[in-house]
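Right, one structure below, let's go through it.
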Amino acid sequence: MSQAILQVEDLSKSFGGVKAVSGVSFELMENQVLGVIGPNGAGKTTLINLLTGFVRPDRGKVLFRGQNIAGMKPYKVANLGVARTFQMVKPFYQLPAFKNLVLPLKSPRAKQLTGGRYGDRDAVAKDLLEEVGFERDSWVIFKQASVLPHGYLKRLELARCIAMAADLVVLDELFSGLSLAEVASLVPVIDKLRVQGKTIIMVEHRLRELFRIADRVMVMNFGQKIAEGKPREVMEMPAVRGAYLGSEEEGA
Amino acid sequence: MARRLERLDRGIKVRSDDVFALNSWREMLYIIAPRVLPVLLLLVLGLAATPYWQRVIMQACMIGLLAISWDLLASVGMVSLGQALFFGIGAYIAGILDHYAGLGPWLTIPIATVGGAALSTLLLLPVLRLRGIYFSMVTLIMPLMIERIIEATKIFGGTEGLSGLQPMPHALVEIIAAMAVVWVALFSFNRMMSSDYGLILKGINDNDRAVMSAGLNIYLYKAQALFLAAGVGAFAGAFVTHAYQFVGMPVFALDYSILPIAGAAVGGMGTMSGPLLGCFILVPLNELLRGLGGMRTVIYAVLLVVFTVGLPEGIFHFIKRKYTQFERWVEVEQ
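Each protein sequence line maps, in turn, to chains S and L. The opening position of the first sequence corresponds to residue 1185 in our numbering, with each subsequent residue numbered one higher. The opening position of the second sequence corresponds to residue 124 in our numbering, with each subsequent residue numbered one higher.
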């Protein structure tokens, strides 16, 4: 087994009196896919915000390749190689789809990796869009992001992570709001990321697809990690069933 | 049978961004005319006008610069209600350098432009993190605050201001320099906004979190945009100071904050040309109505409302649409 790319220790964050994330610890090996599941309000998105610098933790460490990135500014985290998508898609609405990728391609990280020579930037952007499933020779890549359908905007989010050449990709409910067919067409894209050696954290509600992709699954409830393990095993655990279906006492 | 207005792009087909494949003089003219004609028109007006109207045109240029500066900030998501801050700081730096050190306009104006930009950026640096209305409120307060500081501490001439400053070398130099700077600012900022750098700035307006997650430091970019915009405003202040040979508290007045925004509302924001056009309409209009005394403000306000309601997109966007697209009614089946 290769070494850990991400080590999270005792990560906690409260908003007012609400413990959004409390005492979460886990480890992620290089090139693994970790699924994070849990009921609404379990703290999954806060966890992602903590990992990517958008929220400063009250306590705890996030070690990315041994370096503590907890509380670091988001752009610095991104330049270290941790890219994320947003659950509520955040494209640059005024810009055409392919121009959306100019920004990540202009980032210090992307510049450094290409030695400042990324060739024809627009062509690179179009290649990236093709990689996530935009039709290459169609008008859709020239369309303003504000008129693109939701499915394409999700792909655009993913393309931004790829453009950042991230080592750790954090996907916040990538599949939410997509049709079965759209999800099915995105699964191979994620598989490909994995083949390229990237490590992936997926927060997801679509369990069937998630279980097909993920090596391990972590279950959260009320800000705490309540279980972790192989997908099938996790779903057999009583605590997990309780969180999802209500405990036996209440549910029966 | 229902009808629907169809709009189709006119003009040049082979085109990508700003590279045009021109096939004829006609096409060349189509591209160049809207850029060159306003420049020539203003030049002729400026040279032919009486000294009084030359002053009005100069003033329109300066308010226009403030409007360009406002639009630049607005397109990065910073809506400034305090253009007077930049204007006033530039004006006072020029005034102080001239009054106490005797430097002429050729030195004070460049120093005031850069120094004013730096000082304004420093003053607003702590509030760069604020978004939307919070940023606007701080910018609104800043110039008024400085005005009171000058009044209370009686520095730099206090309420009297500094007068007897060195004038611009010649009226002709004054008007031509004013126009030249306006066009340089307009075209270079427009060019900048369509470059990659401009894309980043627009991206910050669209979605700052996405820019952060693209590994870019948005505060750095915001500070740079602020520096550029403040520099343009400070130049206008310094220029006016020497044109009127006087600098005083009124340079921080609300007028200099409101007029550029009114210009943007009338002309149409987002292109820099729109707000500039708006100022070239509003400032001379203001002068024309001067004869009406107290009723001037009322008529001015009514006109402003009419413009805003009648053409919410702004005059510039309206003209641009008519120029670049042709319209026709097509029948649609129900």
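Ideal Cβ positions, reconstructed from N, Cα and C, are used throughout, including at glycine.
Which bits of chain L does residue i rub up against, with CB to CB less than 8 Å?
i: S1291 of chain S; result: A337, G338, L339
Round the Cβ separation of residue i and residue j to the nearest angstrom and send it over; I've been treating them as touching at under 8 Å.
i: D1438 of chain S; j: V1387 of chain S; result: No answer is possible for residue 1438 of chain S: the residues shown for chain S start at 1185 and end at 1436.
i: A1267 of chain S; j: S336 of chain L; result: 7 Å
i: M392 of chain L; j: G360 of chain L; result: Contact flag wrong, Cβ pair sits at about 22 Å.
i: P1415 of chain S; j: G1219 of chain S; result: 7 Å
i: L1337 of chain S; j: A1309 of chain S; result: Contact flag wrong, Cβ pair sits at about 16 Å.
i: K1295 of chain S; j: M1404 of chain S; result: Not quite, the Cβ-Cβ distance comes to about 36 Å (not below 8 Å), so this is no contact.
i: L285 of chain L; j: G218 of chain L; result: 5 Å
i: I1347 of chain S; j: L1312 of chain S; result: This sequence places Ala at residue 1347 of chain S; Ile is not what is there. Right, their Cβ atoms sit about 5 Å apart.
i: R1243 of chain S; j: G1255 of chain S; result: Actually they do not touch by this definition, with Cβ atoms about 11 Å apart.
i: A207 of chain L; j: L399 of chain L; result: Not quite, the Cβ-Cβ distance comes to about 18 Å (not below 8 Å), so this is no contact.
i: N1224 of chain S; j: G338 of chain L; result: The pair is not a contact, with the Cβ atoms about 30 Å apart (cut-off 8 Å).
i: F279 of chain L; j: M201 of chain L; result: Contact doesn't hold; Cβ gap of about 28 Å is too wide.
i: Q368 of chain L; j: L288 of chain L; result: 5 Å
Between the alpha carbons of residue i and residue j, how many angstroms are there, rounded?
i: L170 of chain L; j: F403 of chain L; result: 16 Å
i: N1284 of chain S; j: G1361 of chain S; result: 21 Å
i: V1217 of chain S; j: V250 of chain L; result: 40 Å
i: G1435 of chain S; j: A1427 of chain S; result: Annotation note: pLDDT 38 at G1435 of chain S (below 50); position unreliable, no value reported.
i: A197 of chain L; j: G1237 of chain S; result: 27 Å
i: D194 of chain L; j: L415 of chain L; result: 31 Å
i: I1232 of chain S; j: F1248 of chain S; result: 14 Å
i: Q448 of chain L; j: A156 of chain L; result: 16 Å
i: F358 of chain L; j: G213 of chain L; result: 6 Å
i: P407 of chain L; j: V304 of chain L; result: 19 Å
i: F439 of chain L; j: F310 of chain L; result: 15 Å
i: A352 of chain L; j: M1402 of chain S; result: 49 Å
i: L247 of chain L; j: G239 of chain L; result: 12 Å
i: G390 of chain L; j: Y446 of chain L; result: 16 Å
i: S147 of chain L; j: I154 of chain L; result: 11 Å
i: F1199 of chain S; j: A1226 of chain S; result: 13 Å
i: K1197 of chain S; j: F1326 of chain S; result: 41 Å
i: D1194 of chain S; j: V1205 of chain S; result: 9 Å
i: D132 of chain L; j: R1400 of chain S; result: 53 Å
i: V1208 of chain S; j: F1406 of chain S; result: 11 Å
i: A1349 of chain S; j: G1381 of chain S; result: 11 Å
i: L1332 of chain S; j: S243 of chain L; result: 39 Å
i: I234 of chain L; j: R413 of chain L; result: 35 Å
i: F1210 of chain S; j: I1384 of chain S; result: 14 Å
i: V1246 of chain S; j: P161 of chain L; result: 58 Å
i: V137 of chain L; j: M185 of chain L; result: Annotation note: pLDDT 48 at V137 of chain L (below 50); position unreliable, coordinate value reported separately. Computed Cα separation, rounded: 38 Å.
i: V374 of chain L; j: G417 of chain L; result: 22 Å
Nearest to residue i by alpha carbon, out of the options?
i: V425 of chain L; options: L:E436, L:L405, L:F441, L:F439; result: L:L405
i: Y175 of chain L; options: L:G397, L:A366, L:M395; result: L:A366
i: F209 of chain L; options: L:L245, L:I180, L:V179; result: L:L245
i: F1359 of chain S; options: S:A1347, S:L1342, S:I1346; result: S:L1342
i: V1192 of chain S; options: S:S1198, S:L1212, S:K1203, S:F1199; result: S:L1212
i: P266 of chain L; options: L:Y379, L:R419, L:R451; result: L:Y379
i: T236 of chain L; options: L:G211, L:R252, L:L253, L:C184; result: L:G211
i: K1260 of chain S; options: L:T282, L:F258, L:L343; result: L:L343
i: M372 of chain L; options: L:G281, L:D319, L:L160, L:V202; result: L:G281
i: G463 of chain L; options: L:A376, L:V370, L:K443; result: Residue 463 of chain L falls outside the range modelled here, since chain L spans only 124 to 457, and no answer is possible.
i: A346 of chain L; options: L:I273, L:R413, L:I323; result: L:I323
i: S317 of chain L; options: L:L164, L:Y223, L:M395, L:R419; result: L:M395
i: G1335 of chain S; options: S:M1421, S:L1235, S:L1364; result: S:L1364
i: I299 of chain L; options: L:R314, L:M181, L:V261; result: L:M181
i: D329 of chain L; options: S:Q1271, S:P1258, S:L1279, S:T1269; result: S:L1279
i: A1368 of chain S; options: S:V1418, S:P1275, S:G1317, S:E1417; result: S:G1317
Using a Cβ cut-off of 7 Å, pull out every chain S residue sitting near residue i, in sequence order please.
i: G414 of chain L; result: By Cβ distance, chain S contributes nothing, its closest Cβ being about 44 Å from G414 of chain L, past 7 Å.
i: D319 of chain L; result: V1286, K1290
i: G391 of chain L; result: Those within 7 Å of G391 of chain L in chain S number zero; the least Cβ separation is about 15 Å.
i: V334 of chain L; result: L1287
i: S371 of chain L; result: It is worth fixing the name first, because residue 371 of chain L is Gly in this sequence and not Ser. Ordered by position in chain S, no residue passes the 7 Å Cβ test against G371 of chain L, which lies about 41 Å from the chain.
i: G200 of chain L; result: Within chain S, no residue comes near G200 of chain L; the closest Cβ sits about 11 Å away, beyond 7 Å.
Applying a beta-carbon distance threshold of less than 8 Å, which residues of chain S neighbour residue i?
i: N330 of chain L; result: K1274, P1275, F1276, Y1277
i: G255 of chain L; result: The premise fails here: G255 of chain L is roughly 17 Å from chain S at the closest Cβ pair, so nothing lies under 8 Å.
Please compile the residues from chain L whose C-beta is within a distance smaller than 7 Å of the C-beta of residue i.
i: R1249 of chain S; result: Per Cβ cutoff of 7 Å: no residues; R1249 of chain S is ~16 Å from chain L at best.
i: K1197 of chain S; result: What K1197 of chain S touches in chain L: nothing, since even the nearest Cβ is about 17 Å away.
i: K1283 of chain S; result: L322
Residues of chain C with CB closer than 9 Å to the CB of residue i, please, in chain order.
i: I323 of chain L; result: The displayed structure is made up of protein chains S and L, and chain C is not among them.
Show which residues of chain L have a CB atom less than 9 Å away from the CB atom of residue i.
i: R1268 of chain S; result: S336
Going along the chain, which residues of the region 1217 to 1245 of chain S sit with their C-beta nearer than 9 Å to a C-beta in chain L? Answer in chain order: T1236, G1237, F1238.
Taking a Cβ distance cut-off of 7 Å, strictly less, list which residues of the region 1251 to 1264 of chain S are near chain L, in chain order. Listed by position, the residues of the region 1251 to 1264 of chain S near chain L (Cβ gap below 7 Å) are P1258, Y1259, A1262, N1263.
Would you list, in chain order, the members of the region 1326 to 1359 of chain S that have their beta-carbon closer than 7 Å to a beta-carbon of chain L? Within the region 1326 to 1359 of chain S, the residues whose Cβ lies closer than 7 Å to some Cβ of chain L are R1344, M1348, listed in chain order.
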